[in-house]
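What follows is a single structure, written as structure tokens, with notes after it.
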Amino acid sequence: SQKYTAIGILGKATDTLDATGKVTEEKPYDQITKGDLENVLRKFTGDIMQVPPLYSALKKDGERLSTLMKRGEAVEAKPARPVRVYSLSLQQFQPPLFTLDVECGGGFYVRSLVSDIGKELSTCAMMQELTRTKQGPFTLEEHALYEDKWTIDEIARSLEHCTSLLPGEPSHKKLKTEHPGETAVSCE
1 SQKYTAIGIL GKATDTLDAT GKVTEEKPYD QITKGDLENV LRKFTGDIMQ VPPLYSALKK
61 DGERLSTLMK RGEAVEAKPA RPVRVYSLSL QQFQPPLFTL DVECGGGFYV RSLVSDIGKE
121 LSTCAMMQEL TRTKQGPFTL EEHALYEDKW TIDEIARSLE HCTSLLPGEP SHKKLKTEHP
181 GETAVSCE
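Every letter in the sequence shown is one number past the one before it in UniProt numbering, and letter 167, counting from 1, is 167.
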């Protein structure tokens, strides 16, 4: 599973569903209470259907949708697909800002969640900030590399469950890196 802390903004929507996009809509949000928001969150917990954002790494004809969108090409929304939300809680509410903690399965888009929450509240919303706090066995709190604090023994202990860090074994799941031709190996 993955865990995130997300900050959303009520009353504003963008084409990317986050702060990097162009504002496409603004709506009033003054009527929304903390209780309203907490009630809506219950609808987004468990197994739900979610429409992925147009600006995403999903592909059409081998190209990322986000690349096609940036070139100005028309892109159809992908159909809703099943995703799982293990937990969802409101950490802070200071309108128009709200902070969520989310634990979810793979294929989940927090940007879509924030946008859907806005729609459910009869306004709009976008994600202002996102921090991944857990990915599989790794947590930000326990595994962030604080150069001045970690010893080589602590680093080795954190990697104990990794059988190999050398790519090329047929049994290893390879992960793409930002550099063409490079791969990293997953530790599972």
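Note that CB positions come from ideal geometry on N, CA and C, so glycine has one too.
Proximity to Met126 [Cα-Cα], best of Gly118, Thr133 and Arg132: Gly118
message: Quick check on Lys12: buried or exposed, where buried means 16 or more other Cβ atoms within 10 Å of its Cβ?
response: buried
- request: Could you tell me whether the segment 3-11 touches the segment 127-137, using the rule of 3 or more Cβ pairs below 8 Å?
  value: yes
query: What separation, rounded to the nearest whole angstrom, lies between the Cα atoms of Val40 and Thr24?
result: 23 Å
Start and end residues, beta strand (DSSP E) containing Asp47: Gly46 to Gln50
- prompt: So, is Arg111 buried or exposed, given that buried needs 16 or more other C-beta atoms within 10 angstroms?
  reply: buried
Val114 - containing alpha helix (DSSP H), residue span: Val110 to Glu120
- request: Check whether the Cβ atoms of Leu17 and Pro95 sit closer than 8 Å, and answer yes or no.
  value: no
Gly72, enclosing beta strand (DSSP E) - first and last residue: Taken as a continuous stretch (DSSP letters only), Gly72 belongs to no beta strand (DSSP E), as it is neither H nor E.
task: Have a look at Pro137, Gln31, Glu73 and Leu90 and flag the residue whose alpha-carbon is nearest the alpha-carbon of Ser122.
output: Gln31
query: Within 10 angstroms of its Cβ, does Leu100 collect 16 or more other Cβ (buried), or is it exposed?
result: buried
- prompt: In terms of alpha-carbon separation, which member of Lys34, Leu54 and Gly21 lies closest to Ala80?
  reply: Leu54
query: Which residues bound the beta strand (DSSP E) around Glu154?
result: No beta strand (DSSP E) holds Glu154; the alpha helix (DSSP H) holding it covers Ile152 to Ser158.
- request: Please look up how many angstroms separate the CB atoms of Thr45 and Val85, rounded, as I've assumed it's under 8 Å.
  value: 5 Å
field: Which of helix, strand or coil DSSP assigns to Thr139
entry: strand
query: Can you tell me whether DSSP reads Thr33 as helix, strand or coil?
result: coil
- request: Tell me whether Thr20 sits in a helix, a strand or coil according to DSSP, three-state version.
  value: coil
query: What's the C-alpha gap between Glu154 and Glu103?
result: 26 Å
message: I'd like the list of long-range same chain contacts for Ser87, defined as Cβ closer than 8 Å, with 5 residues on each side in sequence excluded.
response: Thr45, Asp101, Val102 and Glu103
Proximity winner among Gly35, Glu26 and Leu159, relative to Gln91 (alpha-carbon distances): Gly35
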